[in-house]
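Chemist: Quick one: the structure is below, and I'll ask about it shortly.
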Amino acid sequence: MNALIGTATAAPLVRVENLSVGIRGRGGAQILDSVSFEVNPGRITALVGESGAGKSMTTKAILGALDERIFTVSGDIEVCGEDVEALTARARRRYLSSVSALVFQNPTRALNPTMRVGPQIAEAMRFSPSGPRLSREAARERAVELMRQVGIAAPEERYHAYPHQMSGGMKQRAVIAIALSLNPKVLFCDEPTSSLDVTTQALIMDLLDELRERLGIGILFITHDLVLAASRADDVLVLHSGRLVEQLPARHLLEDASMPYTRDLIARVPKPGQALPKPRPLPVLAIEPTSHGCSYAKECALRQDRCATERPPIEELDTEHKVRCWFPIDPAAARAGQEPSEAAAPGTDDIGATRDE
Amino acid sequence: MTNDTARPSAGDPILVMQDVVQEFAVRRRGAGRGAKVSAVANVSIQVARGEALAIVGETGSGKTTLARTILGAPPPKSGRIVVDGHDVSGRRRSAARERGKRVQMIFQDPMSALDPTWSVERIVGEPLTTVGGMDRDARRRRIAEVLDRVGLSASRYGNRRPHELSGGQAQRIAIARALVGRPALVICDEPVTALDASSQAQVVALLAELKREFGLTYLFIAHDLAVVQQLADRVATMYLGKICETAPTEALFSSPTHPYTAALLSAIPSFEPNERPRLRLLGEPPSPISPPSGCRFRTRCAFAQDVCAEVEPKLREVAPGHEVACHFPLTNGRAASYQPAEQAAAAESDAA
Amino acid sequence: MSLQDSNTFVSADTRVVESEASRWASRSRGRVLADGLRRTGRSFRRAAIIVPAAILFVIALVCFAGPAVLGLPAPATGNLADYLLPIGSPGHPLGTNALGNDMLSQLLVGGQVSILVGVGATAIGLVVGVAIGMIAGYYQRVVGTVLMRVLDVIFAFPDIILALAIAAYLGPSVVNTIWAIGFFSIAGFGRIARAQTLRITNFDYVVAARASGRSAWKILLGHIWPNIAGPVLAYALIAVGYAMMAEAALSFLGLGVPIPTPSWGNIIAGSQGFITLAPQLILMPALAMFATIASMNLLSDALQARRPS
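Here the protein sequences come in this chain order: A, B and C.
Numbered according to the numbering used here, the first sequence spans residues -17 to 339.
Numbered according to the numbering used here, the second sequence spans residues 4 to 355.
Numbered according to the numbering used here, the third sequence spans residues 197 to 505.
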């Protein structure tokens, strides 16, 4: 079940296999259900899903940030060759901070408002137990260098700026500079551009793109924006109700998506001059066991009897493309114009139905 | 110094803004005494009856300030704002009352827009009690009616408090309050930004349906261009307090002529990234305390010339209903008059 | 939930919705009021609120109804021969003081006076201070600045010294004590009301109401007061305790409630000479004050933790 993605030559930076997260005392309620994927050096792997699909839960599980009194975690998680599940909580934090870093959605909350930006970048390099413990001057120099690298103009001056004196894009750059300060091999980016303007979003994505190319960093990019993932990532993983339902190279997403859910997501992207997409209630966080049947069966326009009763395995369509569906759409047929997505999913045409009268 | 080119659009104008200026005094180190943030600078726009005009721009472009200025919070420093034939730009309470009858606003964060100590019924009825002249029963009937229109039953929701509502429901209440007094103009300031994805789609659909049904006139502030595409008839882009370009939605999205509009549109992710060249904004946004001379966009424009620093471009028509404030408007992604060699190369290399 | 809403939105059967809505629109005023009361009542049903509130209620009840119900002698009509009787003496369950006055009667009547001074002084501070603070917060330019500078002047004096000066000028009496303490508590209420008002005026619902020409009067009473009432009343409870202590201090110095009218403060003051001989004379009013003030502070905390109703 662990076919390599693409033509990755080096060992994967993050390897997650059969990761399941459940809630204790809820009769096996699953938030994540056997999720397996890899993040490879120099590649952006996008984890796409709607709210409640389990995107953030995946990173939290990798980082060991889930409260064990509430959640059960099973499966193998390797980061840079080390089985982090085997480490103690303390050792795990220390190890992860030496090889990986986090970038969050809201840069304003990630920065300390009472501290100048430069020292915040330098701080980890001076004091972190897993850091190089640089002297004050060395850390300062390196911080200025990092600010330059992430595209902050006039870094010597900006070193002394407070977060509130910077624009949102600049703050996010500063957060990325902090993330880079300990030379991570992997970046976990949780909706890093969702609070920014589109123009700034594009520039931050350019920066991430450049970092993975220049430094060979692997990026796990979590987003709800399928189009952003398709246009900026290398690999796209689609999550639905805690299950990985499709995995394919981003450049093939539009044409080759085989899972009806992915197709529906694509169809729902607004296009100029097109009627409003139909609003659809989101699936609630899966608190009930859904182990029998496909998680998308209720909404799928192409469902058959088997979908409701038997859980589809994840299957390889080719070396780069995996899908969890009993009846995957043949990309060639889809290209011929038989898109299923226009057919309304049952029970979801509440507003849309009256609109078209 | 004025943009006198604002022409009446088709239909009678509901909103006419003429040379509206909004400034705020700032006290900040290094800014000097009497420093001002020029948030809205000589903006002249019109919105016709039944039209939805969207104003788009980045954070700090002054679009929200523009909306609040129309609402009189606070009224403009200078210029005229006429809604449905009545001047509403004054500071006096009489002007505010005129405004209250004709302009209502839907705010970004419904939780801040609804008084937590008030019941839904009282919240929705507030514009009616402000204007007065309606007895209690008529008022209650109107409230029930408008609640029903936004999809919430009065008997179930009328007695609730805002904290008993979900984000989407609260925004519907805010919409109901905006519509209950049958205003001539509804200002929507990022009406779906604070909502989750499914509520967003539903609220957008509701706004579209209400507009169609009642012929509402919207002034729509948004940074989500996907929402704009769905709701707006006409779009105006705004940069640092100035209108850059206004055009019918489709024309603007298919052939942007202002470099800023082009940069904004090219930054939207799309499934076919090579469909159009990326136009990057150069450098960082300038301070609104000392905006650049001439064209305010020139410091970030790939096509800027010397003249851009000296002469402020005025809005002029490049196609029917399509106005742009630029010395070198683009046609098919190219600057109109001539292409300066090095900047063109820079623009090329920025293409994704 | 949201799916159902959208179903009513497309309104499957418009007539049903309409009749329901008109029934709702025509329900009686009493029903509306009852609904509101039930809602408010529900939010107070918590142990952290009920326990201190009950203690305060009992203290007030005993102080005000006790003397009459128990048929106690008047507090200052003791027999000198019965001086300094211990607790549990026949006819004097809590003993007597140095003048032979019944301590139970002294405590209860003294409680009446202390509570009266605490509540009265706080009421003056609340009404005047909140009015000033709300107006200062609402009109932030000239009016607000001027009002706040006035409060600053009051605030600049150490409050007990201010009260001393006023009390000394007015002369010792219950009413004058209330005025003296009330005056110095204006500034505290003014500040808290202004800060809260500033917070509330930034909310969009106030912005919208102001912009659409709703009168300042309606906005201040309709929007701002209900939203600042929680923190202000929580502060008021603490202020009552503070006023009672100030009364005790003034009385201790002879500038507050004059003997023979007892108050918890002047009972302590009058008994200081017997602190080794009869410490209960000081301990009993001190305990009563402690119970009252502690309950008020607990209630204040619990009310602040309460969700907005």
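All C-beta atoms, glycine included, are put in the ideal place defined by N, C-alpha and C.
(1) May I ask you to report which of helix, strand or coil DSSP gives F203 (chain A)?
(2) Quick one: does D236 (chain B) have its CB under 8 Å from some CB of chain C?
(3) What does the alpha-carbon distance come out to for the pair V23 (chain B) and G151 (chain A)?
(4) Mind pulling the chain A residues with CB within less than 7 Å of A266 (chain B)?
(5) With a 10 Å radius around its C-beta and 16 neighbouring C-beta atoms as the bar for buried, classify R115 (chain A) as buried or exposed.
(6) With 7 Å as the limit, tell me which residues of the region 119 to 138 of chain B have their beta carbon closer than that to any beta carbon of chain C; keep them in chain order.
(7) Roughly how many whole angstroms lie between the Cα atoms of Q21 (chain B) and K104 (chain B)?
(8) Beta-carbon of I178 (chain B) versus every beta-carbon of chain A: anything under 8 Å?
(9) Please tell me whether P113 (chain B) has its Cβ less than 8 Å away from any Cβ of chain A.
(10) Please confirm if the region 139 to 146 of chain A is in contact with the region 95 to 102 of chain A, defined as three or more CB-CB distances below 8 Å between the two stretches.
(11) Can you tell me which of B:G324, B:Q205, B:H261, B:E320 puts its alpha carbon nearest to the alpha carbon of R303 (chain B)?
(12) When you compare the region 325 to 340 of chain C with the region 389 to 399 of chain C, are there three or more beta-carbon pairs, one atom per stretch, that lie closer than 8 Å?
(13) 8 Å is my cut-off, CB to CB: does D217 (chain A) come that close to chain B?
(14) Rounded to a whole number of angstroms, what is the C-alpha to C-alpha distance between E50 (chain A) and T68 (chain B)?
(15) What is the DSSP secondary structure of L479 (chain C), reduced to helix, strand or coil?
(16) In three-state DSSP terms, what is H274 (chain A)?
(17) Taking 8 Å as the cut-off, decide whether the C-beta atoms of R163 (chain B) and S122 (chain B) are in contact.
(18) If I follow the unbroken alpha helix (DSSP H) through A11 (chain A), where does it start and stop?
(19) Using 8 Å for Cβ pairs, my map puts R242 (chain C) next to A498 (chain C). What's the rounded Cβ distance?
(20) Quick one: is R6 (chain A) buried, meaning 16 or more other Cβ sit within 10 Å of its Cβ, or exposed?
(21) Can you pull the DSSP bridge partners for L255 (chain B)?
(22) Determine whether the Cβ of S408 (chain C) lies closer than 8 Å to any Cβ atom of chain B.
(23) From this set, C:G469, C:L433, C:L477, which residue's C-alpha is nearest L494 (chain C)'s C-alpha?
(24) For the beta strand (DSSP E) holding F470 (chain C), just list the boundary residues, first then last.
(25) Please state if the CB of P251 (chain B) and the CB of G324 (chain B) are separated by a distance shorter than 8 Å.
(26) Cα-Cα, which of B:A179, B:L182, B:A322 is closest to E253 (chain B)?
(27) For L228 (chain B) versus V218 (chain A), is the C-beta distance shorter than 8 Å?
(28) Quick check on the DSSP output: what are the complete alpha helix (DSSP H) runs of length 4 or more inside the region 100 to 175 of chain B, in order along the chain?
(29) Would F110 (chain B) pass as an interface residue toward chain C - the criterion being a Cβ-Cβ separation below 8 Å?
(30) Just the chain B side, please: which residues come within less than 8 Å of F399 (chain C) by C-beta, in chain order?
(31) Measuring only between beta-carbons, confirm whether P200 (chain B) sits less than 8 Å from chain A.
(32) Start and end of the alpha helix (DSSP H) containing T260 (chain B)?
(33) Could you name the residues of the same chain whose beta carbon sits closer than 8 Å to that of V183 (chain B), not counting the 5 residues immediately before and after it, in chain order?
(34) Check the Cβ of A559 (chain C) against every Cβ in chain B and list those closer than 8 Å, keeping chain order.
(35) I want to see whether chain C comes within less than 8 Å of G286 (chain B), judged by CB atoms only; does it?
(36) Determine the contact status of L(-5) (chain A) and V61 (chain A), defining contact as a CB-CB distance below 8 Å.
Modeler: If we stick to the structure as given:
(1) strand
(2) no
(3) 29 Å
(4) T181
(5) exposed
(6) P119, T120, E129, P130, T133
(7) 21 Å
(8) no
(9) no
(10) yes
(11) B:H261
(12) yes
(13) no
(14) 47 Å
(15) helix
(16) coil
(17) yes
(18) Note, A11 (chain A): premise wrong, no alpha helix (DSSP H); not H, not E.
(19) 7 Å
(20) exposed
(21) BP columns for L255 (chain B) are empty, so no partner.
(22) yes
(23) C:L433
(24) F470 (chain C) -> no beta strand (DSSP E), and no H or E assigned at all.
(25) yes
(26) B:A322
(27) no
(28) 113 to 116, 123 to 134, 139 to 152, 157 to 160
(29) yes
(30) S115, A116, D118
(31) The residue you asked about is not Pro; residue 200 (chain B) is Ala in the sequence shown. A200 (chain B) counts as touching chain A.
(32) First-last for T260 (chain B): undefined, no H or E at that position.
(33) V127, G128, P130, L131, R145, I146, V149
(34) Only positions 197 to 505 of chain C appear in this structure, which leaves residue 559 (chain C) out of reach.
(35) no
(36) yes
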